[in-house]
Structure formats: C-alpha cells, structure tokens
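A.B. asks: Numbering (my numbering), first residue to last: 64 to 226.
Don't be surprised by glycine CBs; every beta carbon is placed ideally from N, CA and C.
#1: Could you say which of 143, 196, 98, 197 lies nearest to residue 149 if we only look at CA atoms?
#2: Comparing alpha-carbon positions, which option in 173, 130, 103, 137 lies nearest residue 181?
#3: Thinking residue 194 and residue 159 are a contact (beta carbons under 8 Å), I'd like their distance in whole angstroms, please.
#4: How would you label residue 85, buried or exposed, when you count the other beta carbons within 10 angstroms and need 16 or more for buried?
#5: Counting contacts by CB-CB distance shorter than 9 Å, is residue 120 in contact with chain D?
#6: Whose C-alpha, out of 202, 127, 200, is nearest the C-alpha of residue 153?
#7: Quick check on residue 184: does DSSP put it in helix, strand or coil?
#8: For residue 208, which residues in the same chain have their Cβ closer than 7 Å to its Cβ, ignoring the five residues on either side in sequence?
#9: My assumption, with CB atoms under 8 Å, is that residue 119 sits in contact with residue 185. Please give the rounded CB distance.
#10: For residue 112 and residue 179, which I take to be in contact (beta-carbon distance under 8 Å), what is that distance rounded to the nearest angstrom?
#11: Classify residue 173 as helix, strand or coil using the three-state DSSP reduction.
#12: Considering only residues of the same chain and omitting the five flanking positions on each side of residue 175, which have a CB-CB separation below 8 Å?
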C-alpha cells in the first residue's frame with residue numbers, strides 16, 4: 064500500500080506538491096536561467112553598433128586564477144550599461160598569448176563580433192597594457208584602450224587607507 068495514502072501528513076504533502084524537485088533539477092533550472100539571462104544580454108549587445116570589453120584577472124579563495132569579463136554598451140538614450148558576462152578560470156595561466164586566447168574565446172562563445180569592439184579596459188599591469196595593444200591589432204585598430212575606472216577607484220581607496 065502507498066504510504067502517502069495511509070499517512071495523513073504525507074497525503075496532504077502529496078496533494079499540495081505534485082512533484083518534488085531534487086538538487087540536480089534545481090541546479091539545472093538555475094543553469095538554464097543563467098544561460099537565458101546571458102542570451103538576453105548578448106542580444107542587447109548585438110543590437111548596438113559597438114561595445115567595450117572590460118576584463119580583470121584575480122585569484123579566488125583557493126588561489127585559482129580567474130578572469131572577470133564585462134561588456135559595456137551605450138543605449139539610444141546615452142545611458143551606459145555594463146553587463147557581467149562571466150568568470151572564466153585561467154587554466155593555462157596569465158601569459159599574454161593565453162589572455163588573448165581567453166578574450167577571443169569568450170567573444171566567440173557569445174557570438175560577438177570583433178569588428179564592433181570600440182574600447183578595451185583593463186587594469187594598469189604591464190601584461191594587461193600589452194594585451195590591450197595586441198587586442199587592438201586583432202580588433203582592426205579601432206578599439207581604444209582605457210585604464211579600468213573600477214581599478215582606479217580601488218587603487219585610490221587602497222592608497223587612502225594606508226595614509
């Protein structure tokens with residue numbers, strides 16, 4: 064005999080919730096929501112005539128190298144929007160050539176064209192400055208490098224703390 068029929072509490076639970084979601088199902092739904100959100104962001108970016116790529120590298124709590132990537136666009140009302148595209152593990156290290164590969168791969172996976180990249184923003188570390196120069200050649204010389212303002216703000220805060 065079915066236990067939910069003999070136990071009143073289980074019977075009420077079964078009537079109220081016709082299905083129970085496992086952790087795997089919830090994780091899959093969460094993943095699908097993230098994918099859909101990214102897809103909408105990419106469609107918004109594709110509607111514009113240009114965009115900027117912002118990236119920064121860092122170590123996570125267990126010392127894995129990662130690259131954070133944002134895309135900045137300007138709306139028709141001249142409002143600047145910066146959308147987080149993702150965090151990518153840098154398994155092959157942070158050399159200049161691998162950073163170029165990461166950026167190209169990220170744009171390719173999102174189906175974003177190189178030809179409409181107007182700006183590239185990184186922190187002022189020498190490898191990132193060299194990365195900007197190399198990416199400028201890939202992006203047909205039109206992309207302008209600028210020092211990431213978030214990194215500038217972080218440096219200012221760090222300097223004021225030490226004073």
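C.D. replies: By the coordinates alone:
#1: Nearest C-alpha to residue 149: 98.
#2: 137
#3: 6 Å
#4: exposed
#5: Within the model displayed, chain D is absent; a lone protein chain is all it includes.
#6: 127
#7: Strand.
#8: If we look at residue 208 and ignore the five residues flanking it on each side, its Cβ neighbours are 183, 195, 199.
#9: 7 Å
#10: 6 Å
#11: coil
#12: 105, 108, 109, 114, 134
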